[in-house]
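Asker:
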Amino acid sequence: MKLKLIVALALGAVTTAAVAGDVEDQIRFRQSAYSFLGWNTAKIKAQAADHPETFNKDQVIAAANAVAAVANSGLLSLYGPGTDKGTGWKPTRLKPEFFEKQDEVKEIEATFIKEANELQKVAANGDAAEVKAQFGKVGATCKSCHDLIRVRE
Amino acid sequence: MKVEVHIWDWPLRLFHWLLVVAVVGAYATGKLGGNLTDWHARFGSLILGLLVFRLIWGFIGTTHARFANFFPTFSRLVEYVKGEWQGVGHNPAGAIAIIALLAALSFLAVTGLFANDDIAFEGPLFHSIDKELSDKLSGWHIYAVNILLGLVAVHVSAIVLYQRLKKTNLVGAMLTGKKQLPKSLAPSPIKPVGPFRFVITLLIAVTVVWSVWSGGFVNYLAPLASFQRATAHPKT
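Residue numbers (numbering that gives the first Met the number 0), protein chains in the order written: chain A, 0 to 152; chain B, 0 to 235.
(1) For chain B, find out if any of its Cβ atoms is closer than 8 Å to the Cβ of A/A139; answer yes or no.
(2) Determine, for B/L18, whether the minimum Cβ-Cβ distance to residues of chain A falls below 8 Å.
(3) Does A/T40 have its Cβ less than 8 Å from a Cβ in chain B?
(4) Just how far apart, CA to CA, sit B/A40 and B/N145?
(5) According to DSSP, what are the bridge partners of B/Q179?
(6) Taking C-beta to C-beta, are A/T140 and A/F111 nearer than 8 Å?
(7) Just the Cα atoms here: how many angstroms apart are A/T14 and A/D24?
(8) Could you tell me how far apart the beta carbons of B/L112 and B/V211 are, in whole angstroms, since I believe they sit closer than 8 Å?
(9) Which bits of chain A does B/K135 rub up against, with CB to CB less than 7 Å?
(10) By the criterion of Cβ-Cβ separation under 9 Å, what are the contact partners of A/A67 in chain B?
(11) With 8 Å as the limit, tell me which residues of the region 98 to 125 of chain B have their beta carbon closer than that to any beta carbon of chain A; keep them in chain order.
(12) Where DSSP assigns a beta bridge to B/L132, which residues make up the other side?
(13) On the three-state DSSP scale, how would you describe A/R149?
(14) What runs of the beta strand (DSSP E), each 3 residues or longer, lie entirely inside the region 95 to 179 of chain B?
(15) Does chain B have any CB closer than 8 Å to the CB of A/K94?
(16) Between A/A12 and A/N124, what straight-line distance do the alpha-carbon atoms span, to the nearest angstrom?
(17) Taking only beta carbons into account, state which residues of the region 114 to 137 of chain A come closer than 9 Å to chain B, listed in chain order.
(18) Which value, in whole angstroms, describes the spacing of the CA atoms of B/F106 and B/G43?
(19) So, does the CB of A/K84 fall closer than 8 Å to a CB anywhere in chain B?
(20) Who are the neighbours of B/Y142 on chain A, taking C-beta pairs under 9 Å?
(21) Under a CB-based cut-off of 8 Å, is A/H50 close to chain B?
(22) According to DSSP, which residues form a beta bridge with B/L17?
(23) Would you mind reading off the limits of the alpha helix (DSSP H) that contains B/H39?
(24) Closer than 8 Å by beta-carbon distance: list the chain A residues that pair up with B/G43, in chain order.
(25) Leaving out the 5 sequence neighbours to the left and right, which residues in its chain are closer than 6 Å to B/I59 when beta-carbon positions are compared?
(26) Please report the straight-line C-alpha distance between B/G82 and A/E152, rounded to a whole angstrom.
(27) Report buried or exposed for A/A128, applying the criterion of at least 16 other Cβ atoms within 10 angstroms of its Cβ.
(28) Which residue's Cα is closest to the Cα of B/V207: B/A27, B/L18, B/L47?
(29) Taking only the alpha-carbon atoms, compute the straight-line gap between A/K136 and B/N34 and give it to the nearest angstrom.
(30) Name the residue from B/H126, B/I97, B/N168, B/W56 whose alpha carbon lies nearest to the alpha carbon of B/G193.
(31) Could you check whether B/H154 and B/A96 sit closer than 8 Å to each other, using their CB atoms as the reference points?
(32) So B/N34 contacts chain A; which residues on that side make the cut at Cβ distance below 9 Å?
(33) Assess, as a yes-or-no matter, whether the region 45 to 56 of chain A is touched by the region 87 to 102 of chain A under the definition of 3 or more beta carbon pairs within less than 8 Å.
(34) State buried or exposed for A/A122, treating a residue as buried only when at least 16 other CB atoms are found within 10 Å of its CB.
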């Protein structure tokens with residue numbers, strides 16, 4: 000019984016570490032996630048908004064799938080205690096107030112997931128104008144989080 | 000005995016009210032984000048063009064539009080503080096506010112050209128500088144908004160105070176171009192503005208905005224910038 004408990008605790012500790020990692024890992028993972036996100040949003044922006052003549056349905060679907068995957072990946076688990084300071088790939092710009100604004104942050108994440116899922120659905124229809132409109136809604140959720148908890152350069 | 004005198008020429012008034020529309024539009028679209036960011040860029044371009052127009056008009060426009068005629072020099076400020084200043088255009092205190100407003104807007108318009116939002120916006124000159132510098136300018140752009148809001152608040156409350164305390168209708172003057180002035184000041188009305196100067200000034204303003212967006216010198220830098228991006232290790 001005691002052994003089982005120890006094993007369970009040990010496993011629990013290992014799993015938590017593997018999921019979240021140490022502070023630097025969390026910062027690098029989330030920075031990488033946003034970088035990958037940026038690659039995909041840039042494609043959608045270019046093909047659906049700036050140069051609709053280059054619209055490629057398959058590429059936009061792939062990009063929208065990636066955006067939705069990032070949104071649904073549980074990004075907030077990469078914002079553990081102490082992750083407002085760290086070098087990461089480059090110094091993190093997370094405001095310390097992040098930890099006091101959990102309600103707002105969770106609400107923004109929920110909106111981000113909802114709009115990204117909708118973008119995925121819309122992309123499947125292959126209409127550039129619809130994609131552009133929905134892409135704007137996703138972008139607005141990015142901004143709401145930047146405005147709230149991201150340090151301005 | 001008061002007389003009505005023509006003070007503000009029509010290009011100056013048009014500039015002023017278009018600027019009001021553009022600033023309100025840029026502020027609202029900047030706050031809302033999303034696809035309205037495209038409109039933020041359009042309002043910003045309008046502001047840039049208006050500022051170029053105003054700068055030139057400040058040298059070749061009619062009397063009271065010229066910087067030389069209202070620039071808040073030390074002697075004018077001393078006169079004003081003593082209550083001895085006599086004039087019909089911008090008074091020295093108002094002139095400080097106007098120059099500060101124009102400076103803040105110029106800073107916003109220029110930093111905006113190089114800005115990015117790390118979402119889906121890159122200013123037309125973004126690719127001519129490093130991403131890191133662009134990030135800094137983008138941060139300053141947003142800080143400067145607060146300075147602009149402060150200056151707008153001073154500007155608007157001064158107008159309200161003139162209305163309440165001195166019964167001077169400055170808004171009406173900026174709409175009609177005419178001010179009610181004591182006959183003792185006996186200012187001569189401004190000469191009507193000729194279309195030639197207006198057209199030249201407008202052309203220069205439009206050319207500046209157009210060249211910023213169409214590439215101009217950035218076109219020469221673009222291959223270099225994309226080469227740097229392709230070869231550089233991604234930083235984030």
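Glycine residues also receive a C-beta, built at the ideal position from the N, C-alpha and C atoms.
Answerer: With the given structure in hand:
(1) On the first sequence, position 140 is the one that residue 139 of chain A refers to. So, interface residue.
(2) For the purposes of this step, residue 18 of chain B is taken as the residue at position 19 of the second sequence. No, its Cβ sits nowhere closer than 8 Å to a Cβ of chain A.
(3) Residue mapping note: residue 40 of chain A aligns to position 41 of the first sequence, counting from 1. Interface residue, yes.
(4) Indexing the second sequence from 1 puts residue 40 of chain B at position 41. Indexing the second sequence from 1 puts residue 145 of chain B at position 146. Each residue's alpha carbon lies about 19 Å from the other.
(5) Taking the first residue of the second sequence as position 1, residue 179 of chain B is located at position 180. BP columns for B/Q179 point to B/E3.
(6) Taking the first residue of the first sequence as position 1, residue 140 of chain A is located at position 141. Taking the first residue of the first sequence as position 1, residue 111 of chain A is located at position 112. Yes, they are a contact pair.
(7) Residue mapping note: residue 14 of chain A aligns to position 15 of the first sequence, counting from 1. Residue mapping note: residue 24 of chain A aligns to position 25 of the first sequence, counting from 1. Confidence at A/T14 is low in this model, with a pLDDT of 48, below 50, so the placement of that residue is unreliable and no value is reported for it.
(8) Indexing the second sequence from 1 puts residue 112 of chain B at position 113. Indexing the second sequence from 1 puts residue 211 of chain B at position 212. B/L112 to B/V211, Cβ: 6 Å. Contact.
(9) As a first step, residue 135 of chain B must be located in the second sequence, where it is residue number 136. Per Cβ cutoff of 7 Å: E152.
(10) Residue mapping note: residue 67 of chain A aligns to position 68 of the first sequence, counting from 1. Those within 9 Å of A/A67 in chain B number zero; the least Cβ separation is about 16 Å.
(11) D116, D117, I118, A119
(12) Position 133 of the second sequence holds residue 132 of chain B. BP columns for B/L132 are empty, so no partner.
(13) Against the first sequence, residue 149 of chain A aligns to sequence position 150. Looking at A/R149 - three-state DSSP - the assignment turns out to be strand.
(14) none
(15) The residue you call residue 94 of chain A lines up with position 95 of the first sequence. Not closer than 8 Å to any Cβ of chain B, the Cβ of A/K94 fails to qualify, so no.
(16) The residue given as residue 12 of chain A occupies position 13 in the first sequence. The residue given as residue 124 of chain A occupies position 125 in the first sequence. Summary for A/A12: the model assigns pLDDT 49, below 50, so the residue's position carries little reliability; its value from the coordinates is reported in the next sentence. Roughly 44 Å between the two C-alpha positions.
(17) K131, A132, F134, G135, K136, V137
(18) Within the second sequence, residue 106 of chain B is the residue found at index 107, counting from 1. Within the second sequence, residue 43 of chain B is the residue found at index 44, counting from 1. One C-alpha to the other measures close to 11 Å.
(19) Position 85 of the first sequence holds residue 84 of chain A. So no, A/K84 is outside the interface.
(20) Position 143 of the second sequence, counted from the start, is the residue given in the question as residue 142 of chain B. Result: R151.
(21) The count along the first sequence starts at 1 and reaches residue 50 of chain A at position 51. Nearest CB-CB separation between A/H50 and chain B: not below the 8 Å threshold.
(22) Within the second sequence, the letter at position 18 stands for residue 17 of chain B. Beta-bridge pairing links B/L17 to no other residue.
(23) Reading the second sequence from its first residue, position 40 is the one you call residue 39 of chain B. It spans 36 to 59 - the alpha helix (DSSP H) in which B/H39 sits, taken as one unbroken run.
(24) In the second sequence, residue 43 of chain B corresponds to position 44, counting from 1. Ordered by position in chain A, no residue passes the 8 Å Cβ test against B/G43, which lies about 16 Å from the chain.
(25) Looking up residue 59 of chain B in the second sequence gives position 60. R196.
(26) Position 83 of the second sequence, counted from the first residue, corresponds to residue 82 of chain B. Position 153 of the first sequence, counted from the first residue, corresponds to residue 152 of chain A. In a straight line, the C-alpha of B/G82 is about 45 Å away from that of A/E152.
(27) Locating residue 128 of chain A in the first sequence gives position 129, counting from the first residue. A/A128 comes out exposed.
(28) Translated into the one-based positions of the second sequence, residue 207 of chain B becomes position 208. A check of alpha carbon separations from B/V207 across B/A27, B/L18, B/L47 identifies B/L47 as the nearest.
(29) Looking up residue 136 of chain A in the first sequence gives position 137. Looking up residue 34 of chain B in the second sequence gives position 35. If you take the alpha carbons of A/K136 and B/N34, they lie about 7 Å apart.
(30) To locate residue 193 of chain B, count along the second sequence from 1; it is residue 194. Comparing Cα-Cα distances from B/G193 to each of B/H126, B/I97, B/N168, B/W56, the minimum goes to B/W56.
(31) Taking the first residue of the second sequence as 1, we reach residue 96 of chain B at position 97. Taking the first residue of the second sequence as 1, we reach residue 154 of chain B at position 155. It is a contact, given that the beta carbons lie within the stated cut-off.
(32) Locating residue 34 of chain B in the second sequence gives position 35, where the first residue counts as 1. Residues of chain A passing the Cβ test: A48, K131, A132, F134, G135, K136, G138, A139.
(33) no
(34) In the first sequence, counting from the first residue as 1, residue 122 of chain A sits at position 123. So A/A122 counts as buried.
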